[in-house]
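Visitor: Structure provided below as structure tokens; questions to follow.
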Amino acid sequence: MPHSTHHRWTRYLWDRHRGGEAERPGRTARFGATPPNFPVCQHTSPRKASIVMSVSAIQIGLHPDAIDYEAPEFAAFAGLSRETLRAANDDNLALLLDAGYEADGCQIDFGETALDTIRAMLGRKRYDAVLIGAGVRLTAGNTLLFESIVNLVHTALPHARFIFNHSAAATPDDIRRHYPDPASTVPLDVPRDLEEAALKNPGNAARPEAAHGPRETR
């Protein structure tokens, strides 16, 4: 199978697996609903005209105003403060946007409000990658919160890949482990399986162009 044909079939079948193609808004990084009196920030970055669909990521992390930085479990993070965490959140999103990915920030507290905030954002948009911050994952007191988030996301986005950073200063290399090309929403570990399925059942899918129209240009 020629490479270009394989790529189109792979993209098409993966879209079908995800439940069909949905039009995405422009590349925007925004914070989800937050608890009362928490600030809401928004970052925008223009979409490149040559990209119809980019990998979309949601970055879920604790809101800087929700943390007790003197608590032992957070004091263990050297240099962590409200200012450094806010800067890290902003920088992480900016790096993803600059690398060509769509990125939304979802900042949460520790209670049921956190799940409501995430659920609302997942209901508005389909995400390919889900980044969960170290403050949620690596503190013992947040184990149940982390578990609840993973189960919620897995139910809402069974196709998505979880991306875990090594530190607060994440880089696009984290998401590139699964999505090296920001213009391809097919994870790195999927194409071979989908190609085999297409070869075994060639009559189950129409040509990609007929179903969705050209994918590479507007």
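Under the UniProt record's numbering, residues 1 to 218 are what the sequence shown spells out, in order.
Ideal placement from N, C-alpha and C gives every residue a C-beta, glycine not left out.
Bear in mind the structure is a predicted one, so any value in this text is a computation, not a measurement.
(1) When the Cα of residue 58 is compared with those of 132, 78 and 110, which residue comes out closest?
(2) Between which two residues does the beta strand (DSSP E) harbouring residue 102 extend?
(3) Please look up how many angstroms separate the CB atoms of residue 149 and residue 175, rounded, as I've assumed it's under 8 Å.
(4) Under the DSSP definition of a beta bridge, which residues are partnered with residue 62?
(5) According to DSSP, simplified to helix, strand and coil, what is residue 160?
(6) Might you give, ordered along the chain, the residues of its own chain that have their beta carbon closer than 7 Å to the beta carbon of residue 171, omitting 5 neighbours on each side?
(7) Please classify residue 129: does DSSP put it in a helix, a strand, or coil?
(8) Would residue 135 pass as a contact of residue 93 if the rule is Cβ separation under 9 Å?
(9) What are the residues that DSSP puts in a beta bridge with residue 57?
(10) Mind checking whether residue 73 and residue 139 have CB atoms under 9 Å apart?
(11) Would you kindly check if the distance between the Cβ of residue 152 and the Cβ of residue 115 is under 9 Å?
(12) How far does the alpha helix (DSSP H) with residue 174 in it reach, from first residue to last?
(13) Over what stretch of residues does the alpha helix (DSSP H) that includes residue 96 continue unbroken?
(14) Residue 129 and residue 81 - do their beta-carbons sit closer together than 9 Å?
(15) Do residue 127 and residue 157 count as a contact pair if the criterion is CB distance below 9 Å?
(16) Looking at C-alpha atoms only, which residue of 165, 161, 182 and 123 is the closest neighbour of residue 189?
(17) Which residues bound the alpha helix (DSSP H) around residue 136?
(18) Tell me the DSSP secondary structure of residue 153 in three-state form.
Guide: Short version:
(1) Within the sequence shown, numbered from 1, the residue matching residue 58 stands at position 58. Taking only the C-alpha atoms, the option nearest residue 58 is 132.
(2) Here residue 102 is taken as the residue at index 102 of the sequence shown, counted from 1. Note, residue 102: beta strand (DSSP E), 102 to 108.
(3) Counting from one through the sequence shown, the residue named residue 149 turns up at place 149. Counting from one through the sequence shown, the residue named residue 175 turns up at place 175. With a Cβ gap of about 18 Å, residue 149 and residue 175 do not count as contacting.
(4) Along the sequence shown, read from residue 1 onward, the residue named residue 62 stands at position 62. Bridge pairing for residue 62: 108 [DSSP].
(5) Residue mapping note: residue 160 aligns to position 160 of the sequence shown, counting from 1. Note: residue 160 maps to coil in three-state DSSP.
(6) As a working note, residue 171 is residue 171 in the sequence shown. If we look at residue 171 and ignore the five residues flanking it on each side, its Cβ neighbours are 95.
(7) As a first step, residue 129 must be located in the sequence shown, where it is residue number 129. Residue 129: strand per DSSP, three-state reduction.
(8) Walking along the sequence shown from the start, residue 135 turns up at place 135. Walking along the sequence shown from the start, residue 93 turns up at place 93. Not a contact, by the Cβ cut-off of 9 Å.
(9) Residue numbering aside, residue 57 sits at position 57 when the sequence shown is read from its first letter. In the DSSP output, where bridge partners are listed per residue, residue 57 has 103 and 129.
(10) Against the sequence shown, residue 73 aligns to sequence position 73. Against the sequence shown, residue 139 aligns to sequence position 139. For residue 73 and residue 139, yes; Cβs fall inside 9 Å.
(11) Reading the sequence shown from its first residue, position 115 is the one you call residue 115. Reading the sequence shown from its first residue, position 152 is the one you call residue 152. Yes, the pair counts as a contact, with Cβ atoms nearer than the cut-off.
(12) Here the question's residue 174 lines up with position 174 in the sequence shown. 172 to 176 is the extent of the alpha helix (DSSP H) around residue 174.
(13) Translated into the one-based positions of the sequence shown, residue 96 becomes position 96. From DSSP, the alpha helix (DSSP H) with residue 96 extends over 82 to 98.
(14) Walking along the sequence shown from the start, residue 81 turns up at place 81. Walking along the sequence shown from the start, residue 129 turns up at place 129. No, Cβ-Cβ distance for residue 81 and residue 129 is not below 9 Å.
(15) Numbered from its first residue, the sequence shown carries residue 157 at position 157. Numbered from its first residue, the sequence shown carries residue 127 at position 127. Going by C-beta atoms, residue 157 is nearer than 9 Å to residue 127.
(16) On the sequence shown, position 189 is the one that residue 189 refers to. Per the Cα distances, 161.
(17) Position 136 of the sequence shown, counted from the start, is the residue given in the question as residue 136. Unbroken alpha helix (DSSP H) run through residue 136: 134 to 137.
(18) Taking the first residue of the sequence shown as 1, we reach residue 153 at position 153. In the displayed model, residue 153 falls within a helix according to three-state DSSP.
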